[in-house]
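See structure below.
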Amino acid sequence: MSDECRVCLLGLIFLSSLLTGISGENDAHVFISSGENVRLPCNNAIHDCNSTTWNYNRFRNSTAVELIGLGIKKKDTESHERLSLGSDCSLNIRNISTEDYGLYSCQQWTGVNRDQQEGTDARVYLHVLHVSSSQTEISAGLSVTLFCQLYSYPRGSCDDLIRSERIQLFWVNQTGVKLTRSDSRYQISSSSDHCIITLNTTLLNEDHNREWRCEVTQRDQVKTSVTYTVKSSAQADSTTVIPVTDSPTAAGITTEEIVIVIAVCASFVLLLLALILWMMIRKKRSGVRRATDDSVVSFVG
21 MSDECRVCLL GLIFLSSLLT GISGENDAHV FISSGENVRL PCNNAIHDCN STTWNYNRFR
81 NSTAVELIGL GIKKKDTESH ERLSLGSDCS LNIRNISTED YGLYSCQQWT GVNRDQQEGT
141 DARVYLHVLH VSSSQTEISA GLSVTLFCQL YSYPRGSCDD LIRSERIQLF WVNQTGVKLT
201 RSDSRYQISS SSDHCIITLN TTLLNEDHNR EWRCEVTQRD QVKTSVTYTV KSSAQADSTT
261 VIPVTDSPTA AGITTEEIVI VIAVCASFVL LLLALILWMM IRKKRSGVRR ATDDSVVSFV
321 G
């Protein structure tokens with residue numbers, strides 16, 4: 021083999037290893053909506069989880085935070101109460117928030133003192149989708165803006181993420197039809213810097229209980245979505261219904277218990293009235309008897 025071929029071969033090996041280090045054959049992308057539970061796979065797990073360590077980075081140059089160390093959950097982290105280690109060494113996180121996005125790395129440590137890393141990191145990029153509204157009071161005639169944002173590990177701008185992973189954000193109506201800028205009723209805008217897509221519209225009376233859904237796709241496959249349901253304040257006030265079921269009331273008393281209490285009180289009142297009436301009749305009879313006795317005595321005299 022000539023020297024030029026050797027140089028070319030070494031160059032290809034170096035380039036291949038560099039690309040593997042950037043993308044990583046064990047890398048995974050997980051998409052989840054805020055408020056849900058998520059499982060992050062550990063693609064380099066070995067026979068048990070006593071060798072497993074999970075680290076977390078929210079920012080590119082930030083110091084990694086150790087969440088799980090050699091199979092044991094760390095209690096000095098903010099999210100430790102929501103974390104658990106699965107039987108397959110996966111990392112489970114409950115009640116995901118927008119603060120949980122970032123890079124999670126699963127490592128395997130072996131050796132007598134567990135000081136030798138086995139293989140490379142299995143990296144998981146966690147993307148969190150969240151929808152918020154510009155209005156706290158919703159009613160017909162008001163303009164409302166919905167913000168849909170994908171919180172992702174800062175590997176550059178959102179444009180880089182869109183190009184590398186073919187990630188897209190868009191709004192659909194309750195029938196699943198994609199909303200576009202050509203629809204005169206909706207104003208759709210997006211920000212490539214922060215992976216945000218907004219929906220602005222003026223609410224109509226018939227929009228009560230209407231749903232708009234923000235979806236995120238990766239390579240044309242829907243990964244997760246968040247649904248926003250319109251709850252008009254005026255409609256809510258006019259359709260307020262007093263519950264008549266056996267569900268607990270504010271004081272913790274059911275309707276059936278209230279009926280029993282009323283029946284007992286009514287019975288007590290009737291009993292009291294009967295007692296008063298009986299006493300009045302008895303007193304009247306005693307008065308008549310005394311009057312009769314007095315008239316008999318007067319006649320005898």
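The sequence shown begins at 21 in the numbering used here and counts up one residue at a time. Virtual Cβ for every residue (Gly too), placed ideally from N, Cα, C.
>> By the three-class DSSP mapping on this structure, what secondary structure does V99 have?
In response: Per the sequence shown, the amino acid found at residue 99 is Ser instead of Val. The DSSP-derived three-state label of S99 is coil.
>> By the three-class DSSP mapping on this structure, what secondary structure does S325 have?
In response: The chain is shown from 21 up to 321; residue 325 falls before or after that span and cannot be answered.
> Hey, is the stretch 145-156 in contact with the stretch 166-174, meaning 3+ C-beta pairs nearer than 8 Å?
Replying inline: The stretch 145-156 makes contact with the stretch 166-174: 3 or more CB pairs, one atom from each, lie closer than 8 Å.
> Closer than 8 Å, CB to CB, is N112 near chain B or not?
Replying inline: As a matter of chain content, chain B is missing from the structure shown, which is built from one protein chain.
> Among I66, K93, L146, W298, which has the Cα closest to the Cα of N77?
Replying inline: Closest by alpha carbon: L146.
> Helix, strand or coil: how does DSSP classify A48 here?
Replying inline: A48 falls in the strand class under three-state DSSP.
> CA-CA distance, R102 and T247?
Replying inline: Taking the straight line joining both Cα atoms gives about 24 Å.
> So does the stretch 234-243 actually touch the stretch 187-204, counting three or more Cβ pairs closer than 8 Å?
Replying inline: Segments in contact, yes.
> Going by DSSP, what residues sit across from V236 in a beta bridge?
Replying inline: In DSSP, V236 forms a bridge with L189, T244.
> How about Y124 and W74: do their beta carbons lie closer than 8 Å?
Replying inline: Cβ distance < 8 Å, so Y124 and W74 count as in contact.
> For Y173, which residues does DSSP report across the bridge?
Replying inline: According to DSSP, Y173 shares a beta bridge with no other residue.
>> Measuring straight from C-alpha to C-alpha, what distance separates K303 and I296?
In response: A straight line joining the alpha-carbon of K303 with that of I296 spans about 11 Å.
> Contact check, V144 vs A48 under 8 Å by CB: the rounded distance?
Replying inline: Between A48 and V144 the Cβ distance is about 5 Å, and since that is below 8 Å, they are a contact.
>> Using the three-state DSSP reduction, which class does N75 fall into: helix, strand or coil?
In response: Strand.
> The beta strand (DSSP E) with I208 in it runs from where to where?
Replying inline: 207-211 is the span of the beta strand (DSSP E), which, as asked, contains I208.
> My guess is that A160 and N225 are in contact by the Cβ rule of under 8 Å, so how many angstroms apart are they, rounded?
Replying inline: That pair is a contact at about 5 Å.
> Leaving out the 5 sequence neighbours to the left and right, which residues in its chain are closer than 7 Å to D66 when beta-carbon positions are compared?
Replying inline: A small fix is needed here, since residue 66 is Ile in this sequence, not Asp. These residues qualify, in order along the chain: Q128, E138.
>> Can you give me the C-alpha to C-alpha distance between T10 and L60, rounded to a whole angstrom?
In response: Any property of residue 10 remains undetermined from this structure, which presents the chain solely from 21 to 321.
> Smallest Cα separation from E86: which of R80, F79, K94?
Replying inline: Nearest C-alpha to E86 among R80, F79, K94: K94.
>> On the CB-based measure, 16 or more other CB atoms within 10 Å of its CB, does L219 come out buried or exposed?
In response: By the neighbour-count definition (other C-beta atoms within 10 Å, threshold 16), L219 is a buried residue.
> So, N229 versus V197, is the Cβ gap smaller than 8 Å?
Replying inline: In this structure, N229 keeps its C-beta atom at 8 Å or more from the C-beta atom of V197.
> Roughly how many whole angstroms lie between the Cα atoms of R114 and R134?
Replying inline: Rounded to the nearest angstrom, the two C-alpha atoms are 29 Å apart.
>> The beta strand (DSSP E) that contains R12, what's its start and end?
In response: Residue 12 lies beyond the range of the chain shown here (21 to 321); nothing can be said about it.
> CA-CA distance, L293 and R305?
Replying inline: Rounded to the nearest angstrom, the two C-alpha atoms are 18 Å apart.
> Taking the Cβ atom as the reference point for each residue, do I116 and I217 lie within a distance shorter than 8 Å?
Replying inline: Against a cut-off of 8 Å, the Cβ pair of I217 and I116 comes out as no contact.
> Is DSSP giving T118 helix, strand or coil here?
Replying inline: Note: T118 maps to helix in three-state DSSP.
> Helix, strand or coil: which one does DSSP assign to R201?
Replying inline: DSSP places R201 in the coil class of the three-state scheme, outside both helix and strand.
>> Out of Q207, E98, S71, which one is the CA nearest neighbour of I92?
In response: Minimum Cα distance to I92 is reached at S71.
>> Can you tell me whether S82 is buried or exposed? The criterion is at least 16 other CB atoms within 10 Å of its CB, across all chains shown.
In response: Exposed.
> What number of angstroms, rounded off, separates the C-alpha of T244 from the C-alpha of E119?
Replying inline: Taking the straight line from one Cα to the other gives about 17 Å.
> Hey, out of E157, V164, C215, S252, whose CA is closest to R183's CA?
Replying inline: If we check each option's Cα against that of R183, C215 comes out closest.
> Tell me which same chain residues have a C-beta within less than 8 Å of the C-beta of S54, skipping the five on either side of it?
Replying inline: In its chain, beyond the 5 residues on either side, I116, S117, T118, V148, L149, H150, V246 have a beta carbon closer than 8 Å to the beta carbon of S54.
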